[in-house]
Each structure stands twice: as C-alpha cells, then as structure tokens.
Amino acid sequence: MAAASARPSNAVARRRHPPIPSPRSRPSERSPVITEWHYEPPGTTLGALQRGLGRGLAAARREQATDLVLICLRRDHRWYWLIDQRALYLARLVRGLKIPTAALLDILHNPGETGDNAVDNVTEVLITLARGGRKSAIKGLRRYVETGPEWVDVLEQVAADLPRSTWHDLLPIVRARLASDPPEPADPGDPEPWLKRRPPLWGASPWVDWAAADESIAARVAEFPRLPGPGRPLRDVPTADLLAMVTGGEQQADALRELNRRGPHPELLAVADHLNRRELAGPVADAFEHLGAAAVPVARSWATPLRTSPAHAAGEQPACSPSAGSPPAGSASASSASPGSPPASSPPVYSPLVWTAWRVLAEHGDETDLPALQAAWDWLDLRRDDLCGYQDLAAGVARIGGPAAMAMLPRIRRAWFSPHSYERVAYLRAVFALAPETAGNLLREGLFDAEPRVREFAAAHVPLDDRSRSILAWLQNDRLEPSEVRAAAAARLQDP
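Going letter by letter, the sequence shown gives residues -17 to 478 in this note's numbering.
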C-alpha cells in the first residue's frame, strides 16, 4: 500500500527538483522563452532513447546514432527526474559509441537556456563514466567545480557518488569560490527553485567532511537546519478517545495518524464515512494498509461511482503525483504518452478517496474487483500529464489473474512504452505473470533497459539461449551494474 520507494543515487535524492517535469520548459528568469518538445513515437530510435527502452540502446548502437544520444544528454527526457533512471543507460551509449568526454563537458558548461535539467543529467552520466574508470570524466568534473556556474550541485553529486580521493583536495578551490561568490540563501517563496542557483546543503557531503578543516564551513554545518521528526501532539491520548476524535474536528488527521502508530484498528471501518475526505488521504491510506483485506468492503463502496459528469472530478493524487492542485502544465504531446487508451468522454465521478480504495482492491481484492481496476485505469488516463499509479493497478491485475484479467493485458503492454520508466518493472512482472509464454521479447529487451529493476527481473527470467547467456555474462561482469542485477544474472547463468 505504501508508495514504492525509489532507489536513486544519494546525490539525486538530495537535489531540489521540480515535482514532475513535463515535455515543455517553463519560462523563468533563466529561461524566458518556453521551448516546446515532445516524445517521439517509441518505435523510432529517438523515441525509444527518450523513454530509456532497451530497443533504443540497441538501435542507437546499430545506427551509430551519436547525434540522438547527444540530444538525450542535452535535454533530460525523464518524465520524473527524481526517480526515473538514465545515467548508466546513457553512459553505456557514450562508451559504446566512443563519444568523447569533451562533448559531455561542452554540454555541462553550455547547457543552453531551456531549463531542462541538462546539467544534472550530464553530471550523472559523467559520474557513471568516472566510476567506470574514465579519468577524463573525473578531471572534467573537478574542473567544473573550479569554474562552472552550478558548481555546488556538481560538487555535491561528486561527493555523494565518487570516492573521497577524487574530491577531498578540492577544499582550497571551494573555499575560494565561497569567498568570491558567496551563495545566496534559498527563497522559500520561489515557485521554481529548481531553475535557480541554490545554496549548499551544508548537512551533506562534502561539507560535513570538510568541517574539521575549515571553521567557516564548520559553522555553516552547525547552523544547517535538521528536519524535525514527525510531531505527536496526541501521544498521551487514550485509544478510545482517539477513535472518537477521528469522526470530526480540527484534530481529526492528528488522531488518525496517532492511531496508525499504534497498529490496525478495525473500529475505523465503522466510521469510514467520516474519513472519506481528500485532506485525509495520507493517514487513511496508512490506516487501510494496516487493516489489509478487512478494508475491502469499504474500498468497494468508495470505488462505486457517485454519478456521471462530462468533467473529470478532482480527487486524491496517485503516489508520485504533485501533492495538490492540478498536474503541471505541459504540451499536448505529453498526454499522448499516457500508458492507457483514451476512456469514454463522460467519465463517472467518484468519492474523494477513490484512489485509496482502488489501491486496496488492487492489493486485496478478487476477480469481482477487476472492473473497478479497469475503471481506475480509465481514471488515470484522464489525468493530463500524469503517468503515476499504473504500476499499482498492473500489479493488482496480475495478482488476481484468470481469464478476466487477460482483458487488461493489451493495456499493460502499452504501458511498457510510458516515459515514466520507474513503473516499467511492474508492467514486465504483470505480463510475465499473466502470459509468460508471450513475455520473451520484453524480457530480452529488458536486459538493456534504463531501469535497474527491469534489468534485474529480466535477468532472472529471460529465456536462455546463446545470445541471452552472452548478455547475462556481460551484466554479471559489469562493475557499474547494481549488485542486485549482477546477482540475478549470475544466478540465471547457473540454470541449465
């Protein structure tokens, strides 16, 4: 029930990205002109590269498509910059096509004015190449820290992902940069902080490592605000009183959060009508996670349409969507990237917490709930520029299985081409669970996918032949691969 946790690099996890980038640059002081772009069809080499598909890597190598790879380095085509992965995928293309480090450094120093995350994108690739032993990548990154405008971001990524020996001696250079160009404090009212230079994250590397050697840095580290732990204003309130408080009042959410800390409470099901409010989405989802299958009857009730309307009703957001308001503006072509097919023009209106209900049914429902999961897929398709949540539905359909679930297989297969690549592993698992005899091509392609979890699953289940064994041996021996992928490849090679 909880949102799937991402496994980006430490540096990526700490950077201040926008919630969801869309296929259009936004205007700002740094980028006064909106630059339109779109995802090319996934059957084209560029479209496959934009999505991080295995077929894109294979086609680019076959076609020697250096120009297309450079396009994907200069603009970050990930749908969700924070968790979608591209660094190793692009680094392999750079390495395979013998693209010189100088070409990447040119992008790093001259990213253009599109505001499309080019610096972070190419920095991640350079760091990956550096981890693979390309010394010119390390030298280029160190030089950028000395002269580049976004040197703080680059330095913190280098310190997070490369050995201490590659950056520790940069302290004198950094000390001089801090003195000559002191960082400005962050503006909490800035609606687009990701498009501005930001101050250092003093509580992270390399600053905490340098604090012992530099009094000024030590003072900044000491002053850096630590995130407070979650408050518990109702810690001492008896459970019986909390159950009474969740039916309404100003502390309804606090009461529900405190109850969640104390384990499952079946009594909440009797007051479910009082909880069906969008502002309670988070704590209600946690409560239903604790309750498990016991929450299915309430979930079925909430998943029943209230009425039909020509306009899409506002509801709670899927896990990785913006926390409030409408999805971010983007070009019309972003909507065409949706994993599903267009639903009917007069969609039903649901209860405020219908997404929580559908996730309960996906995890605990049975074959009678498949129509509800199909309706949930339709609902997601209506959310312009929002590609989150399909993974939960695909996993639920695959878990339930059976002939009725097979009707959803074409939609799950189409979701494979979503540019939100983090969810792709769920679609591969679902296809393999529902129709393993048809999953061979996706498994073979998945060995080259941008997402490590896709490569791991593909390595564990790909049909064995001379070609796949050769690729598995390559994955097993590539030191840039995560340990999980290498282990899956090694284990699969032991099969007869």
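Glycine is no exception: its CB is placed at the ideal position from the N, C-alpha and C atoms.
C-beta contact flag for residue i and residue j at 8 Å
i, j, result
"W340", "L355", "yes"
"V101", "D66", "no"
"Y404", "A376", "no"
"A141", "S187", "yes"
"G36", "A73", "no"
"W189", "P182", "yes"
"L90", "Y126", "yes"
"L31", "G38", "yes"
"V467", "E427", "no"
"W192", "L153", "yes"
"L241", "V280", "no"
"L50", "T27", "yes"
"P464", "P434", "yes"
"L343", "V278", "yes"
"V107", "V156", "no"
"E298", "R260", "yes"
"T110", "A47", "no"
"A432", "Y71", "yes"
"V379", "I394", "yes"
Whole-number beta carbon distance between residue j and residue i, since they are thought to touch under 8 Å
i, j, result
"H247", "L262", "No, H247 and L262 are not in contact; Cβ-Cβ is about 14 Å, not under 8 Å."
"A40", "F399", "The pair is not a contact, with the Cβ atoms about 15 Å apart (cut-off 8 Å)."
"N92", "D58", "The Cβ separation is near 16 Å, so there is no contact."
"A441", "A470", "4 Å"
"T221", "R244", "6 Å"
"R451", "L424", "Not quite, the Cβ-Cβ distance comes to about 18 Å (not below 8 Å), so this is no contact."
"N258", "L160", "Wrong, their Cβ atoms sit about 52 Å apart, outside the cutoff."
Under the three-state DSSP convention, the category residue i falls into
i, result
"S7", "With a pLDDT of only 39 at S7, under the threshold of 50, the placement of this residue in the model should not be trusted; the figure read from the coordinates follows. Coil at S7, not helix or strand."
"E132", "coil"
"E22", "coil"
"V228", "coil"
"R289", "strand"
"V407", "helix"
"P353", "helix"
"A30", "helix"
"V331", "strand"
"S465", "helix"
"G307", "Residue placement at G307 cannot be trusted, given a pLDDT of 31 that sits under 50; the coordinates are not used to answer."
"Q234", "helix"
"V444", "coil"
"G245", "coil"
"L475", "helix"
"W340", "helix"
"A417", "coil"
"A314", "For A314, the predicted model reports a pLDDT of 32, less than 50, meaning its position is unreliable and no value from the coordinates is stated."
"G428", "helix"
"R68", "coil"
"L183", "coil"
"E433", "coil"
"I16", "Low confidence applies here, because I16 scores a pLDDT of 39, under 50, leaving its location unreliable and the question unanswered by this model."
"E166", "coil"
"D367", "coil"
"N92", "coil"
"L299", "A small fix is needed here, since residue 299 is Gln in this sequence, not Leu. If DSSP states are grouped into helix, strand and coil, Q299 belongs with coil."
Closest residue to residue i among the options (Cα-Cα distance)
i, options, result
"G122", "S147, P131, N99, D88", "D88"
"S333", "W361, I199, I155, V444", "W361"
"P330", "E298, R260, D351, R289", "R289"
"L79", "E45, D151, S450, R159", "E45"
"L416", "Q233, A471, L251, G383", "G383"
"Q234", "L216, R244, G211", "L216"
"P165", "E249, S147, R146, E132", "E132"
"A204", "R68, D218, A194", "A194"
"I53", "D98, A222, G213", "D98"
"E419", "P445, S452, A397, N459", "P445"
"D477", "L462, L457, D447", "D447"
"W149", "L160, R124, W359", "R124"
"R116", "A472, L462, E128", "L462"
"R366", "W456, G94, P265, P300", "P300"
"L238", "P265, Q458, L364", "P265"
"W359", "G371, I453, D143", "G371"
"I348", "N459, R381, D368", "At residue 348 the sequence reads Asp, which differs from the Ile that was named. Considering only alpha carbons, the answer is R381."
"D163", "D143, D460, G130", "G130"
"E138", "T105, A158, M388", "T105"
"P287", "D236, A357, A389", "A357"
Element boundaries [alpha helix (DSSP H), containing residue i]
i, result
"S453", "Going by the sequence as given, residue 453 is Ile instead of Ser. Note, I453: alpha helix (DSSP H), 448 to 459."
"M388", "385 to 388"
"Q46", "Neither: Q46 is in no alpha helix (DSSP H) and is coded neither H nor E."
"A112", "100 to 113"
"F270", "263 to 273"
"I394", "391 to 397"
heavy atom of the ligand MG below 7 Å from residue i C-beta
i, result
"A417", "Ligands are entirely absent from the displayed structure, and the ligand MG is therefore not among its contents."
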